[in-house]
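Working notes, beginning with the structure itself.
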Amino acid sequence: MFLELRHLRTLQALSETGSLAAAARKLHLTQSALSHQLRALERYFEVPMVRKGTRPLALTPAGERLLALARTVLPEVERAERELGDPERSASARLYLTLECHACYDWLLPLLARFRETWSAVDIDIRQARFEALPDLLAGEVDLVVTSDRSRHRSLYFAPLFAYEARAVLAESHPLARLKRIQPHHLAGEMLITYPVPAARLDVFTRFLDPAGVAPASVRQSELTAVILQLVASRRGVAVLPDWVLASSVCPPGLVSRPLGRRGLHGKMYAALRAADAELPWVRDFVALASR
Numbered sequence: 001m002f003l004e005l006r007h008l009r010t011l012q013a014l015s016e017t018g019s020l021a022a023a024a025r026k027l028h029l030t031q032s033a034l035s036h037q038l039r040a041l042e043r044y045f046e047v048p049m050v051r052k053g054t055r056p057l058a059l060t061p062a063g064e065r066l067l068a069l070a071r072t073v074l075p076e077v078e079r080a081e082r083e084l085g086d087p088e089r090s091a092s093a094r095l096y097l098t099l100e101c102h103a104c105y106d107w108l109l110p111l112l113a114r115f116r117e118t119w120s121a122v123d124i125d126i127r128q129a130r131f132e133a134l135p136d137l138l139a140g141e142v143d144l145v146v147t148s149d150r151s152r153h154r155s156l157y158f159a160p161l162f163a164y165e166a167r168a169v170l171a172e173s174h175p176l177a178r179l180k181r182i183q184p185h186h187l188a189g190e191m192l193i194t195y196p197v198p199a200a201r202l203d204v205f206t207r208f209l210d211p212a213g214v215a216p217a218s219v220r221q222s223e224l225t226a227v228i229l230q231l232v233a234s235r236r237g238v239a240v241l242p243d244w245v246l247a248s249s250v251c252p253p254g255l256v257s258r259p260l261g262r263r264g265l266h267g268k269m270y271a272a273l274r275a276a277d278a279e280l281p282w283v284r285d286f287v288a289l290a291s292r
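The opening position of the sequence shown corresponds to residue 1 in the working numbering, with each subsequent residue numbered one higher.
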C-alpha cells in the first residue's frame, strides 16, 4: 500500500492554506520536503494533484478525491490516538494562554468550550493579557500566545490562525459614516476610543495615523469591547476594531464600519508556541479549531 497519512495531511494542508509555502509551515516541513511528497503522489497515481497556475492553489479532481478521504480518515485517526494515548500524559496536560489582543476574548471563550468537549482533562487557564508576552512563553509561564506580531526566534513556532481587517467603527448618524473610506486626516478632530494599550502597540497608530503625521483630538480607553461599541453608538467617539467584532453578538445596532485608507488595514493573527510543543496533540487540536 502506497498511500500514507502524511500524504493525506499534505493534501489537507494544501487545501486549507492555498499555497505550498503556507502548507509547509502548517505541517512543520520544509517546502522542498512537501514538494517531494506531492511529486511522489503524482508519480504513483500518474495524475496531477494540483492545478497549475492557480492562486490560491486549487486541487485537481484526483486531489479532491484524496482530500475527501483525508477528511474522513484523519479525524478518526486523531480520535483513536486520543483514546489510546497515554492517560497519565493527558491527565497532566495543560494549556495556559495569554492574549495580546483584547478583542480576542469574545472569540476565544466559545472556542474553549468546543475544545473542552474533546480535551476535558487538559488544565486550561487564561492568564491576564500582557503585551510583549513572548518572554513568558519562552520561560514556560504560558503555553500559547495569541498575537498579531510574528517574530523570528528559533525556539518559537507561529501557527497562522486567520486574517482580519481593522475597520473604523462609527455611529450611523456620524458625519464620517457618509464616506466610503476613512483617511488619516478624517480622525484628526475625533475622540478615538481604544483598548488600554500603548499607542506603539496599536495598528491604527503605527500603520495608519503616525505615518501620516496625524493624531486624534483625544483618546479614551476601555477594557471591554461591549463598552467601546456602546460609546461609539452613542456618538461619544469613534473606534478602530477588527472585522470579526462587528459580526459578534456584542455589537449593538446603529453602527457602521468603513475601511481605513486606500487599501484597508489588514493583519493576521497567530498562535505563538514553543517549537517543542507544536506537535502535542491537544495543542495541535486547539490551533486547528482556532484557525477554522
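Here a beta-carbon is modelled for each residue, glycine too, at the ideal position from N, C-alpha and C. Everything numeric in this text was worked out from a predicted model, so none of it was measured.
Rounded to the nearest whole angstrom, the C-alpha separation of Pro-110 and Ser-248 is 12 Å.
Phe-286 is classed as buried because its beta carbon has at least 16 other beta carbons within 10 Å across all chains shown.
Within the DSSP bridge table, the entry for Phe-162 names Met-269 as partners. In the DSSP annotation of this structure, the continuous segment of the alpha helix (DSSP H) that includes Ala-33 starts and ends at 31-45. According to DSSP, residue pairing for Leu-260 in a beta bridge involves Ile-182. If you look at Tyr-105, you'll find it in the alpha helix (DSSP H) that goes 105-118. Excluding sequence positions up to five before and after Arg-262, its CB lies within less than 8 Å of the CB of Arg-181, all in the same chain and listed in chain order.
Contact annotation, Val-240 with Leu-260: C-beta distance approximately 7 Å; criterion of less than 8 Å satisfied.
Contact check for Leu-95 and Val-219: beta-carbon distance about 34 Å, past the 8 Å limit, so the pair fails to qualify.
Assignment of beta strand (DSSP E) within the region 184-264, counting only whole runs of 3 or more residues, yields 191-194, 218-221, 238-242, 255-258 in chain order. In this structure, the beta-carbon distance from Ala-275 to Tyr-157 falls below 8 Å.
According to the DSSP assignment, Arg-94 belongs to the beta strand (DSSP E) that extends over 94-99. Residue environment analysis places Val-122 among the buried positions, since at least 16 neighbouring C-beta atoms fall within 10 angstroms of its C-beta.
Taking 8 Å as the cut-off, the Cβ atoms of Val-169 and Ser-257 count as close.
In the structure shown, Ala-168 adopts extended strand secondary structure according to DSSP, grouped into three states.
For Pro-216, the number of other beta carbons within 10 angstroms of its own is at least 16, and it is reported as buried. It is roughly 8 Å from the alpha-carbon of Gln-128 to the alpha-carbon of Leu-99.
In summary, Phe-2 is exposed, with fewer than 16 beta-carbon neighbours lying within 10 Å of its beta-carbon over all protein chains present. Going by C-alpha positions, Glu-4 is about 14 Å away from Leu-34. Val-238 and Arg-6 have their C-alpha atoms spaced approximately 49 Å apart. With a cutoff of 8 Å on beta-carbon distance, Leu-255 and Leu-229 are scored as near each other.
Under the DSSP assignment, Val-287 falls in the alpha helix (DSSP H) whose first and last residues are 281-290.
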